[in-house]
Amino acid sequence: MHEDEDDLGVFSLEEYRVMSGTQGLVMWTFFLGCVGALSFAVYSTYPDKPSAPKTYEGGLEAELGGSGALRVSRMSGAMITMANTI
1 MHEDEDDLGV FSLEEYRVMS GTQGLVMWTF FLGCVGALSF AVYSTYPDKP
51 SAPKTYEGGL EAELGGSGAL RVSRMSGAMI TMANTI
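In our numbering, the protein residues as written are 1 to 86.
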């Protein structure tokens with residue numbers, strides 16, 4: 001038998017309490033305060049968006065699958081580009 005089970009028995013003379021409700025509330029407040037402080041520190045030091053956005057010559061139409069993009073087809077499970085089949 002574990003020693004704590006003996007303390008929690010029916011014939012125990014004292015009420016078994018690990019901590020009071022006030023101590024638990026203080027611990028939760030401290031924990032949430034630490035999480036909030038860490039979140040604030042990360043938020044205040046996180047780098048901002050670059051001042052000048054990246055530009056691409058001719059835009060991203062070809063890279064994103066526009067009309068001038070290289071087409072890809074599936075043949076027998078392998079990826080074969082249309083340029084290789086010509």
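Backbone N, C-alpha and C define an ideal beta-carbon position, used for all residues, glycine too.
8 Å CB neighbourhood of residue i in its chain, flanking five on each side removed
i: S67; result: E61
i: L38; result: none
i: G77; result: Note that G77 scores a pLDDT of 48, beneath 50, so its modelled location is shaky and nothing firm can be said.
Proximal residues to residue i (C-beta, below 6 Å), its chain only, five neighbours per side dropped
i: D48; result: none
Sequence-distant residues of the same chain with beta carbon closer than 7 Å to residue i, five excluded per side
i: Y43; result: none
i: E57; result: none
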